[in-house]
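Student:
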Amino acid sequence: MPADPTPHGATASGAGASGAGASAAWKSGDTPQRLAQIALRDLPWEIGVAKPDPAIVVDGVSRTFGGLTAVAVDHLEIQRGGITGLIGPNGAGKTTLFNLLTGFDQPDTGTWSFNGKSLGKLAPHKVARLGVVRTFQLTKALSRLTVLQNMLLGAQDQKGEGFFRALVPGIWRAQERENTEKAMELLRRFKLDAKKDDFAGTLSGGQRKLLEMARALMSDPEVVMLDEPMAGVNPALTQSLLGHVKDLREQGMTVIFVEHDMDVVRDISDWVVVMAAGKVIAEGPPESISQNQAVVDAYLGAHHDAPLTVEEEDQVLAEAEQSIARSEGHADVLDSDRATRGDTKR
Ligand SMILES: Nc1ncnc2c1ncn2[C@@H]1O[C@H](COP(=O)(O)OP(=O)(O)OP(=O)(O)O)[C@@H](O)[C@H]1O
Numbered sequence: 001m002p003a004d005p006t007p008h009g010a011t012a013s014g015a016g017a018s019g020a021g022a023s024a025a026w027k028s029g030d031t032p033q034r035l036a037q038i039a040l041r042d043l044p045w046e047i048g049v050a051k052p053d054p055a056i057v058v059d060g061v062s063r064t065f066g067g068l069t070a071v072a073v074d075h076l077e078i079q080r081g082g083i084t085g086l087i088g089p090n091g092a093g094k095t096t097l098f099n100l101l102t103g104f105d106q107p108d109t110g111t112w113s114f115n116g117k118s119l120g121k122l123a124p125h126k127v128a129r130l131g132v133v134r135t136f137q138l139t140k141a142l143s144r145l146t147v148l149q150n151m152l153l154g155a156q157d158q159k160g161e162g163f164f165r166a167l168v169p170g171i172w173r174a175q176e177r178e179n180t181e182k183a184m185e186l187l188r189r190f191k192l193d194a195k196k197d198d199f200a201g202t203l204s205g206g207q208r209k210l211l212e213m214a215r216a217l218m219s220d221p222e223v224v225m226l227d228e229p230m231a232g233v234n235p236a237l238t239q240s241l242l243g244h245v246k247d248l249r250e251q252g253m254t255v256i257f258v259e260h261d262m263d264v265v266r267d268i269s270d271w272v273v274v275m276a277a278g279k280v281i282a283e284g285p286p287e288s289i290s291q292n293q294a295v296v297d298a299y300l301g302a303h304h305d306a307p308l309t310v311e312e313e314d315q316v317l318a319e320a321e322q323s324i325a326r327s328e329g330h331a332d333v334l335d336s337d338r339a340t341r342g343d344t345k346r
């Protein structure tokens, strides 16, 4: 795990690359949460704004599927040590962006880097080895492996994999023991230790989400990307999951998570990035988002598919009735019917 949460390029007393007003407030002993908040506090709420200490920088990344532009992000920086919420209506391109950043998909154009190192064209396991891991909207726990076996699959740097090392069983046995100890420690933290020998397929949806998060931590990541970690999780486990996400920041990790529940987003994000139709349409601290007209429009637009309320349904029916009656020359019948009911609305 990253031991030193102090932002790169910043001393404990505070000299960040930019945002000088904010960095002046850094004190030794500040928690990662406070450091991230201070680093982001005085930034303008502008799309593509430079962060004092970015872990990830995205430039001109686009991905199309046939004629559809799923992602078209001009410039985006993710602050190290903070929790960044990525929100947007269905189909906004959030998962596709995650896929691109973690090597699960390749873009048509663009570059992106982690700690200044380009991640373009790297396979997912290499991206993970460098320190960027992700979880999936639909969990990828392998049902027919046990919980512990799933955890061990997440371990990096398996010394037993190398040919010469494989000739020296002592090395891989020691490695295996180390990995198992680490897996058990994480399982205890996520309260899954009692289930270590159960098949992952027998876990509840929420427990699978926990397992996936725990497994992602086996590789000691610096950046953890969580795709809808709370989706389908019962309320009792939601709190526990939220606590775990906050813990990641306490341990100095950078977290990016996709979430639809705005209460959750407000609760845990230091910064929020909003996507719609593949583009970033707003970014800022959580409190800035609900005041942003572009965000309100994007969400209201997305709600065309939402079920109608009873009142809206009544109105649609009444209008349809009127239009049929008029086209058939019976408007008078509807008018007298409405008058009988004491309904004056047309
Ligand atoms: N493999 C694919 N082939 C074709 N179209 C795709 C593919 N993957 C994503 N898309 C399309 O790209 C757009 C962005 O999808 P994406 O899943 O990234 O959105 P999202 O913001 O994560 O949505 P949600 O919140 O519903 O998960 C959508 O229109 C989607 O249908």
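The end of the sequence shown is residue 346 by UniProt numbering, with every number in the run present.
For every residue, glycine included, the Cβ atom is placed at its ideal position computed from N, Cα and C.
Values in this document were obtained by computation on a predicted structure and should not be read as measured data.
For ligand 1, which residues have a Cβ under 5 Å from at least one heavy atom, in chain order?
Tutor: F65, A70, N90, G91, A92, G93, K94, T95 and T96
Student: How should R178 be labelled, buried or exposed, when 16 other C-beta atoms within 10 angstroms of its C-beta is the threshold for buried?
Tutor: Looking up residue 178 in the sequence shown gives position 178. Per the sequence shown, the amino acid found at residue 178 is Glu instead of Arg. So E178 ends up on the exposed side.
Student: Among the residues of its own chain, which have a CB less than 6 Å from the CB of W45, if the five just before and after it don't count?
Tutor: Counting from one through the sequence shown, the residue named residue 45 turns up at place 45. Around W45: G284 and S288.
Student: So is P235 buried or exposed if we call it buried at 16+ other beta carbons inside 10 Å?
Tutor: In the sequence shown, residue 235 corresponds to position 235, counting from 1. It is exposed - the Cβ of P235 has fewer than 16 other Cβ atoms within 10 Å.
Student: If contacts are defined as beta-carbon pairs under 8 Å, then G82 and R266 qualify, I think. What distance do you get, rounded to the angstrom?
Tutor: Mapped onto the sequence shown, residue 82 falls at position 82. Mapped onto the sequence shown, residue 266 falls at position 266. The pair is not a contact, with the Cβ atoms about 15 Å apart (cut-off 8 Å).
Student: So, does the region 87 to 98 touch the region 246 to 260, judging by three or more C-beta pairs under 8 Å?
Tutor: yes
Student: Do you know offhand how far S118's Cα is from R63's?
Tutor: Numbered from 1 along the sequence shown, position 118 holds the residue referred to as residue 118. Numbered from 1 along the sequence shown, position 63 holds the residue referred to as residue 63. Between S118 and R63, the C-alpha separation is close to 18 Å.
Student: With distance defined between alpha-carbon atoms, name the residue in D270, V295 and Q291 nearest to K51.
Tutor: Translated into the one-based positions of the sequence shown, residue 51 becomes position 51. When each option's Cα is compared against that of K51, the closest is D270.
Student: Should R80 and N150 be called a contact, given that it needs their Cβ atoms to be closer than 8 Å?
Tutor: Translated into the one-based positions of the sequence shown, residue 80 becomes position 80. Translated into the one-based positions of the sequence shown, residue 150 becomes position 150. No, these two residues do not count as a Cβ contact at 8 Å.
Student: Using the beta-carbon count (16 or more within 10 Å), is T102 buried or exposed?
Tutor: Taking the sequence shown and counting its residues from 1, one reaches residue 102 at position 102. Classification for T102: buried.
Student: I think residue 367 touches E212, with their Cβ atoms under 8 Å apart; what is that distance to the nearest whole Å?
Tutor: Residue 367 is absent from the model: the chain starts at 1 and stops at 346.
Student: Output the distance between the C-alpha atoms of M218 and M225, rounded to the nearest integer angstrom.
Tutor: On the sequence shown, position 218 is the one that residue 218 refers to. On the sequence shown, position 225 is the one that residue 225 refers to. Going from the Cα of M218 to the Cα of M225 covers about 14 Å.
Student: Drop a sphere of 10 angstroms on the beta-carbon of E77, count the other beta-carbons inside from all chains shown, and report buried for 16 or more, exposed for fewer.
Tutor: On the sequence shown, position 77 is the one that residue 77 refers to. With 16 or more other Cβ atoms within 10 Å, it is buried.
Student: Closer than 6 Å by C-beta to R346: which residues in its own chain qualify, once you throw out the five before and the five after it? Chain order, please.
Tutor: In the sequence shown, counting from the first residue as 1, residue 346 sits at position 346. Bear in mind that the predicted position of R346 carries a pLDDT of just 40, short of 50, making it unreliable; the figure below should be weighed with that in mind. Within the same chain, R346 has no close Cβ partners at all.
Student: Quick one: residues in its chain with C-beta nearer than 8 Å to the C-beta of L210, no 5 flanking neighbours on either side, listed in chain order?
Tutor: Locating residue 210 in the sequence shown gives position 210, where the first residue counts as 1. So the qualifying residues of the chain are F190, K191, L192, L237, S240, L241 and H244.
Student: Quick one: is T111 buried, meaning 16 or more other Cβ sit within 10 Å of its Cβ, or exposed?
Tutor: Numbered from its first residue, the sequence shown carries residue 111 at position 111. Counting Cβ neighbours within 10 Å, T111 comes out exposed, since fewer than 16 surround it.
Student: Could you give the distance in angstroms between the alpha-carbon of A277 and the alpha-carbon of D105?
Tutor: Here residue 277 refers to the residue found at position 277 when the sequence shown is read from its first residue. Here residue 105 refers to the residue found at position 105 when the sequence shown is read from its first residue. Computed Cα separation, rounded: 18 Å.
Student: If you run the structure through DSSP and keep just helix, strand and coil, what is S113?
Tutor: Against the sequence shown, residue 113 aligns to sequence position 113. If DSSP states are grouped into helix, strand and coil, S113 belongs with the strands.
Student: Where R129 and P221 are concerned, what is the direct C-alpha to C-alpha distance, given to the nearest angstrom?
Tutor: As a first step, residue 129 must be located in the sequence shown, where it is residue number 129. As a first step, residue 221 must be located in the sequence shown, where it is residue number 221. Going by the C-alpha atoms only, they are around 8 Å apart.
Student: If you run the structure through DSSP and keep just helix, strand and coil, what is E77?
Tutor: If you number the sequence shown from 1, residue 77 lands on position 77. DSSP places E77 in strand when its eight states are reduced to three.
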